[in-house]
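**Student:** Residue numbers (my numbering): 1048 to 1280. C-beta: ideal position from N, C-alpha, C; glycine also. One structure, pasted below without further comment.
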Ligand SMILES: N[C@@H](CCC(=O)N[C@@H](CS)C(=O)NCC(=O)O)C(=O)O
């Protein structure tokens, strides 16, 4: 059972440096599959011409009627489907990957939303919480709440650009969890529900896949989130 892999090489045959090919070599090793890693150079497009695309990794599975697969993500999916032993995607890896997403949400998504809606949060607080919130948050931000949001409009394009990894995922899957929401969706939605509860600000363009996903999330669980107090944004 041998998998032929077209593997980017440098001037020396053995100098293999492609990060995408490395993913697959590690995945094949994880599964204990035998690999014939053929050196390939950028200009050797003819050698992978049968894929009608110009990039490696490409695998040819000699144990499966010479099935050709390319794109490292598709190769990983193919390998798990065809060789399910020692899976690449397991419950635990799902948990760890979600943890990575959580870290991204907390370091990028939350600060981005805060920049937009911090003063709106303040304006929706109970009177007795206002001083506390202002004092603690102004200490964290090192400026007044008003100054934090003064540049929010200028920051909006960068906020929207920061959603690129989510957007790319939601162009392929209905939810971050695939066909149905997973905890990653709940994490991301938390940030948007936060904004929706207090702010009339438009954070997402209506043709943004993230906007459509937010709509789907609002509809989930019999429209649970949509039924809570918030602004229609
Ligand atoms: N989305 C592809 C990206 C693969 C990719 O960009 N491979 C590079 C090598 S690291 C390549 O083959 N480039 C060919 C070129 O630039 O002509 C994947 O995940 O497999």
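(1) Exposed or buried, what is residue 1275 when buried is set at 16 or more other beta-carbons lying within 10 Å of its beta-carbon?
(2) How is the alpha helix (DSSP H) around residue 1258 delimited, first residue to last?
(3) Buried or exposed: where does residue 1197 fall if 16 or more other Cβ atoms within 10 Å of its Cβ makes it buried?
(4) Report all residues from its chain with a CB closer than 8 Å to the CB of residue 1266; omit the five preceding and five following residues, and keep chain order.
(5) May I have the straight-line CA-CA distance separating residue 1117 from residue 1061, to the nearest angstrom?
(6) Give me the Cα-Cα distance between residue 1136 and residue 1078, rounded to the nearest whole angstrom.
(7) So, helix, strand or coil for residue 1146, using DSSP?
(8) Enumerated in chain order, which unbroken segments of the beta strand (DSSP E) with a length of 3 residues or greater are wholly contained in the segment 1049-1094?
(9) Tell me whether residue 1135, by its Cβ, gets closer than 7 Å to a heavy atom of ligand 1.
(10) Below 8 Å on the Cβ atoms is my guess for residue 1238 versus residue 1143; work out the distance and round it to an integer in Å.
(11) When DSSP labels each residue in this structure, what does residue 1284 get in the three-state scheme?
(12) Tell me residue 1162's beta-bridge partners as DSSP assigns them.
**Tutor:** Put simply:
(1) The residue you call residue 1275 lines up with position 228 of the chain shown. So residue 1275 counts as exposed.
(2) For the purposes of this step, residue 1258 is identified with residue 211 of the chain shown, where counting begins at 1. First-last of the alpha helix (DSSP H) with residue 1258: 1256-1270.
(3) Residue numbering aside, residue 1197 sits at position 150 when the chain shown is read from its first letter. Exposed, by the Cβ-count rule.
(4) Looking up residue 1266 in the chain shown gives position 219. Hits under 8 Å: 1273.
(5) Along the chain shown, one-based indexing puts residue 1117 at 70. Along the chain shown, one-based indexing puts residue 1061 at 14. When rounded, the distance between both Cα atoms is 21 Å.
(6) Your numbering for residue 1136 matches position 89 in the chain shown. Your numbering for residue 1078 matches position 31 in the chain shown. Those two C-alpha atoms are separated by around 12 Å.
(7) Taking the first residue of the chain shown as position 1, residue 1146 is located at position 99. Shown here, residue 1146 sits in a helix according to DSSP, grouped into three states.
(8) Considered as a whole, the segment 1049-1094 harbours 1049-1055 and 1081-1087 as its complete beta strand (DSSP E) runs of no fewer than 3 residues, in chain order.
(9) Along the chain shown, one-based indexing puts residue 1135 at 88. Residue 1135: no, Cβ never under 7 Å from ligand 1.
(10) Within the chain shown, numbered from 1, the residue matching residue 1238 stands at position 191. Within the chain shown, numbered from 1, the residue matching residue 1143 stands at position 96. Contact doesn't hold; Cβ gap of about 21 Å is too wide.
(11) The displayed coordinates of the chain run from 1048 to 1280. Any statement about residue 1284 would go beyond what the structure contains.
(12) The residue given as residue 1162 occupies position 115 in the chain shown. Per DSSP, none; premise fails for residue 1162.
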